[in-house]
Structure formats: C-alpha cells, structure tokens
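Encoded as structure tokens, the structure appears first; notes follow it.
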Amino acid sequence: MAEAILEVRDLHKHYPLTQGILFKKQVGAVRAVDGVDFDLAAGETLGIVGESGCGKSTVAKMLVNLEKPTSGSIRYKGEDLTKMSPRALKAVRRNIQMVFQDPYTSLNPRMTVGDIIGEPYEIHPEVAPKGDRRRKVQDLLDVVGLNPEYINRYPHQFSGGQRQRIGIARGLALRPEIIVADEPVSALDVSVQAQVVNLLDRLQSEFSLSYVFIAHDLSIVRHISDRVGVMYLGRIVEIGSDVQIYDHPTHPYTQALLSAVPVPDPEARAHRERIILTGDVPSPANIPSGCRFRTRCWKAQDRCALEVPLLAVPAVFRLTDTPAKHDSACHFAEEKRVVPPEESLAHPDPLEEGPAPAEAAREAGAPEKPGPEEPGSPKSL
Numbered sequence: 013m014a015e016a017i018l019e020v021r022d023l024h025k026h027y028p029l030t031q032g033i034l035f036k037k038q039v040g041a042v043r044a045v046d047g048v049d050f051d052l053a054a055g056e057t058l059g060i061v062g063e064s065g066c067g068k069s070t071v072a073k074m075l076v077n078l079e080k081p082t083s084g085s086i087r088y089k090g091e092d093l094t095k096m097s098p099r100a101l102k103a104v105r106r107n108i109q110m111v112f113q114d115p116y117t118s119l120n121p122r123m124t125v126g127d128i129i130g131e132p133y134e135i136h137p138e139v140a141p142k143g144d145r146r147r148k149v150q151d152l153l154d155v156v157g158l159n160p161e162y163i164n165r166y167p168h169q170f171s172g173g174q175r176q177r178i179g180i181a182r183g184l185a186l187r188p189e190i191i192v193a194d195e196p197v198s199a200l201d202v203s204v205q206a207q208v209v210n211l212l213d214r215l216q217s218e219f220s221l222s223y224v225f226i227a228h229d230l231s232i233v234r235h236i237s238d239r240v241g242v243m244y245l246g247r248i249v250e251i252g253s254d255v256q257i258y259d260h261p262t263h264p265y266t267q268a269l270l271s272a273v274p275v276p277d278p279e280a281r282a283h284r285e286r287i288i289l290t291g292d293v294p295s296p297a298n299i300p301s302g303c304r305f306r307t308r309c310w311k312a313q314d315r316c317a318l319e320v321p322l323l324a325v326p327a328v329f330r331l332t333d334t335p336a337k338h339d340s341a342c343h344f345a346e347e348k349r350v351v352p353p354e355e356s357l358a359h360p361d362p363l364e365e366g367p368a369p370a371e372a373a374r375e376a377g378a379p380e381k382p383g384p385e386e387p388g389s390p391k392s393l
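Going letter by letter, the sequence shown gives residues 13 to 393 in my numbering.
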C-alpha cells in the first residue's frame with residue numbers, strides 16, 4: 013500500500029443525552045462513532061458500507077470538519093486536523109472536499125450554477141483571481157459533462173443527475189487531493205448512478221484524487237473501491253481489499269450483508285445461502301457489552317459478551333497466505349463465500365453500458381417536464 017495521506021485513529025463522536033430545562037444534566041450519550049481507524053493512500057478509493065445509522069455519514073462530516081470529533085485524531089499528511097488553529101485548518105480544508113448525498117437540497121436554489129461552483133473561490137481567492145473565475149467555472153462544467161453555457165441557470169432547471177454533476181464540479185473547484193463522497197448516488201435512478209460513478213472514476217485518474225466513498229449499495233462500492241470498510245454501530249468491523257471483502261468475508265455481519273445482494277442469475281440465486289439476521293439494531297445510546305454485533309449473531313457465545321473483539325487479522329489466518337488474511341473484529345471469524353464470484357455485482361450491466369433512453373435524454377439535457385422556455389435560454393437543458 014502506498015503512503016497514507018489521511019490517517020484516522022480512534023475517532024469518536026458522542027452526542028450527549030440531557031434531562032431538565034433550566035439545569036440540564038447529561039444522563040448518557042449517543043455513540044454515533046465509537047472508535048474508527050483507517051488509512052487512505054494517495055490515489056486510492058476507500059469504500060465504507062453499512063446499515064442506516066451505523067455512523068458512515070458522521071465519519072464523513074468529521075473528515076471535512078463539519079462535525080467536531082469527541083476524541084481521536086484525523087491526520088492529513090502527518091498534521092492532526094483536530095488540533096489545528098482555524099487559520100491553519102482553513103488552508104488544509106481546501107484539499108479535502110465533500111460531495112453531498114442529496115443533489116436537490118445541497119445546492120442553493122437562489123444561486124446560479126456559476127455562483128454555486130465559484131463560491132469556494134470567494135473563501136480561497138488565491139486559487140482563482142476574480143477576472144479568471146468565470147472561465148474556471150465553465151471549464152469545470154465541461155469537465156463534469158455539462159454545457160458551459162449553463163453557467164447562468166438555476167438548480168431547479170436541471171435533472172437529479174445533472175445537479176449531482178454540479179455538486180461534483182463544486183467539490184473540484186479548489187483542486188483537492190481528497191474527495192469525501194457521502195452516498196453521492198443513492199438519490200439517483202440506477203442508470204444515472206452508473207453515469208455518476210463512471211464520472212467519478214474518470215475524474216480520479218484525471219485529477220489524481222483519493223476518495224472516501226460512502227454508500228449502502230454494495231455493488232456500486234465494489235465497482236469503484238480499492239478497499240472496503242464495513243461499519244456496524246459506530247465501528248468498522250471488517251476492512252480489506254474489494255476481493256477480500258466480497259469474495260472472502262470473515263465477519264458474520266459482512267457475510268449477512270453480502271447474502272442480501274440481489275443476484276440476477278436465477279440458477280445461482282437458487283443455490284446460494286441466505287443469512288437472515290434476527291432482532292433489531294441496538295440503540296447507539298445503549299450499546300451491548302463485548303461484541304456489539306452479538307445480539308444478532310448466530311455464532312455468539314459467552315466470550316462475545318465479555319470481550320471486545322479487536323479489528324485485526326484473526327489468529328486462525330495469521331500464518332496463512334489467503335485472501336481471508338485481513339482485519340476482522342470477530343472472535344470466531346471464518347471465511348465464508350456468500351456471493352458466487354461471477355455474480356458478485358447485483359447489476360453490473362448498468363455500470364458498464366449506457367443509460368436507459370429516458371434517463372439518457374435527461375442527462376443529455378432534455379427537460380424533465382414540458383413547459384414554456386425561458387427567454388434567451390437554450391431550447392432544452
């Protein structure tokens with residue numbers, strides 16, 4: 013693995029639970045993120061997957077300083093972001109940008125596309141002199157596959173996929189080294205997801221970017237990621253290369269997630285094992301002792317309630333040279349192939365082929381609803 017440009021160590025984010033109106037007293041805490049560790053190498057894509065509420069988005073917000081960690085460190089090229097002064101942090105933040113989940117609410121409806129993409133230049137004027145900003149914004153629109161002439165249009169005049177491209181262009185404005193993508197395709201149709209994922213793939217090569225790609229769609233994460241971390245209830249329970257996680261999972265939770273991935277081949281689907289988890293996800297305000305997955309795990313024993321499993325290579329694999337030799341937080345880790353190798357992707361074709369005709373029309377610029385054209389505007393977006 014190349015040298016890490018981002019190192020996250022023992023990262024915690026706890027939200028206090030209080031009682032009282034005038035004299036508030038803390039009676040507990042919601043442990044949204046509870047000890048996360050990972051590295052990100054230059055040019056690498058790290059995918060983070062898990063159920064809703066596992067802490068993925070909270071990790072993303074802490075990486076870009078939208079949330080302050082309760083404890084732990086986030087080091088960018090050796091410098092701890094959590095201990096920097098506001099002035100020093102402002103200089104570093106231009107190198108770590110974010111693409112948000114919802115393209116409909118992450119763009120200000122009162123601002124034009126040019127203002128939205130060019131806003132980072134107001135905060136970091138040294139990146140682009142005022143006289144050069146319009147050209148730079150138009151160049152960014154062209155890079156993400158939009159017509160530079162749309163610079164004076166407003167977000168409501170674009171489709172969902174086009175809005176997400178605008179969000180990506182805004183993230184690229186300051187030429188960052190790291191992009192944190194928080195479920196950037198979950199609000200889009202499948203065919204548009206394919207276009208956005210392939211765009212991110214191309215931009216990574218073109219601009220030498222590193223990605224932290226957060227999603228709940230395991231198929232898309234495998235398509236774009238070099239390594240994958242699986243989160244459960246505030247912690248990473250398994251991390252490894254895409255081949256290690258998808259074809260040689262060792263943690264029961266990862267195996268259960270993979271068993272739920274749809275398989276298009278009826279014959280393969282009929283012969284694969286389904287793992288059905290029982291019970292609900294425990295509350296992050298009342299996390300079980302020991303292994304936090306034990307309340308839903310079919311392998312749980314007394315030891316699981318007493319000892320917290322460490323995220324490390326399981327002892328049974330330490331002396332081997334198999335793909336199962338990767339970090340897994342389980343006392344009883346064992347390799348279990350859940351998805352047939354040829355069927356690991358639930359819907360591989362849309363990621364390789366073009367979009368469906370209707371979505372292609374929208375992405376090419378056709379309006380989503382017929383209506384009167386605006387004066388002076390192109391016939392269609």
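A virtual CB, placed ideally from N, CA and C, is assigned to each residue, including glycine.
TODO: Tell me whether Ile33 is buried or exposed, calling it buried when 16 or more other Cβ atoms sit within 10 Å of its Cβ.
DONE: Ile33 is classed as exposed because its beta carbon has fewer than 16 other beta carbons within 10 Å across all chains shown.
Open item on the list: Considering Cα atoms alone, identify which of His235, His228, Leu230, Pro188 is closest to Asn210.
Closed with: When only C-alpha atoms are compared, the closest one is His235.
- [ ] Return the first residue and the last residue of the alpha helix (DSSP H) that Lys102 is part of.
- [x] Lys102 -> alpha helix (DSSP H) spans 98-105.
- [ ] Could you spell out the range, first to last residue, of the beta strand (DSSP E) harbouring Gln150?
- [x] Taken as a continuous stretch (DSSP letters only), Gln150 belongs to no beta strand (DSSP E), being part of the alpha helix (DSSP H) at 145-155.
TODO: Could you check which residue in Ala282, Glu79, Val350, Ser85 has the C-alpha nearest to that of His260?
DONE: Checked all of Ala282, Glu79, Val350, Ser85; the closest Cα to His260 is Val350.
Task: Euclidean distance between Cα positions of Pro264 and Asp127 - done: Each residue's Cα considered, the two are about 48 Å apart.
Task: C-alpha gap between Val155 and Val325, whole angstroms - done: Cα to Cα, the separation comes out at about 42 Å.
Open item on the list: On the DSSP letters alone, give me the boundaries of the beta strand (DSSP E) that Lys311 sits inside.
Closed with: Careful: Lys311 lies outside any beta strand (DSSP E) and carries neither H nor E.
TODO: Give me the Cα-Cα distance between Glu15 and Ile86, rounded to the nearest whole angstrom.
DONE: Taking C-alpha positions only, Glu15 is separated from Ile86 by approximately 15 Å.
TODO: Alpha carbon to alpha carbon, how far is Asp333 from Val39? Give it in angstroms, no decimals.
DONE: Taking C-alpha positions only, Val39 is separated from Asp333 by approximately 48 Å.
- [ ] Would you grab the beta carbon distance between Arg99 and Pro188 for me? Rounded to a whole angstrom, and I think it's under 8 Å.
- [x] Contact flag wrong, Cβ pair sits at about 19 Å.
Task: Proximal residues to Gln150 (C-beta, below 7 Å), its chain only, five neighbours per side dropped - done: Beyond the five residues adjoining it in sequence on each side, Gln150 comes within less than 7 Å, by CB distance, of Pro160, Ile163 in the same chain, given in chain order.
- [ ] Grab me the residues of Thr94's own chain with a C-beta within less than 8 Å of its C-beta, minus the 5 sequence neighbours each way, in chain order.
- [x] Same-chain partners within the cutoff: Lys80, Pro81, Gly84, Ser85, Ile86.
Open item on the list: Quick check on Phe170: does DSSP put it in helix, strand or coil?
Closed with: Three-state result, Phe170: coil.
Open item on the list: Measuring alpha carbon to alpha carbon, tell me which residue in Leu29, Gly55, Arg281 is nearest Arg239.
Closed with: Measuring C-alpha to C-alpha distances from Arg239 to each of Leu29, Gly55, Arg281 identifies Gly55 as the nearest.
Open item on the list: Tell me the residue span of the beta strand (DSSP E) that contains Ser253.
Closed with: 247-253 is the span of the beta strand (DSSP E), which, as asked, contains Ser253.
TODO: Closer than 7 Å by C-beta to Arg308: which residues in its own chain qualify, once you throw out the five before and the five after it? Chain order, please.
DONE: These residues qualify, in order along the chain: Leu289, Thr290, Gly291.
Task: Distance between Val61 and Ser271 (C-alpha atoms, nearest Å) - done: So the two alpha carbons sit approximately 14 Å from each other.
Task: Reference Thr57, options Ile129, Val204, Ile232, closest by Cα - done: Among Ile129, Val204, Ile232, the Cα nearest to that of Thr57 belongs to Ile232.
- [ ] Would you mind reading off the limits of the beta strand (DSSP E) that contains Ser85?
- [x] Residues 83-88.
TODO: With DSSP collapsed to three states, give me the class of Gln11.
DONE: The question about residue 11 has no answer here: the residues shown for the chain are numbered 13 through 393.
Open item on the list: Considering Cα atoms alone, identify which of Asp49, Glu319, Leu152 is closest to Pro132.
Closed with: Nearest option by C-alpha distance: Leu152.
Task: Bridge-paired residues (DSSP) for Gly241 - done: Partner(s): Ile60, Ile251.
Open item on the list: Count Cβ pairs between the stretch 69-76 and the stretch 268-282 that sit closer than 8 Å; are there 3 or more?
Closed with: Contact between the stretch 69-76 and the stretch 268-282 is not established, with fewer than three Cβ pairs separated by less than 8 Å.
Task: N- and C-terminal bounds of the alpha helix (DSSP H) containing Tyr162 - done: From DSSP, Tyr162 is part of no alpha helix (DSSP H); its letter is neither H nor E.
TODO: Return helix, strand or coil for Glu134, following the three-state DSSP convention.
DONE: Glu134 falls in the helix class under three-state DSSP.
TODO: Taking 8 Å as the cut-off, decide whether the C-beta atoms of Ala206 and Gly59 are in contact.
DONE: It is not a contact, given that the beta carbons lie outside the stated cut-off.
Open item on the list: Let's test the definition: count the other Cβ atoms within 10 Å of the Cβ of Phe219 and tell me whether it reaches 16, buried, or not, exposed.
Closed with: Note on Phe219: under 16 other CB atoms within 10 angstroms of its CB, so exposed under the neighbour-count rule.
TODO: Going by DSSP, name the residue or residues bridged to His263.
DONE: According to DSSP, which records beta bridges pairwise, His263 is partnered with nothing at all.
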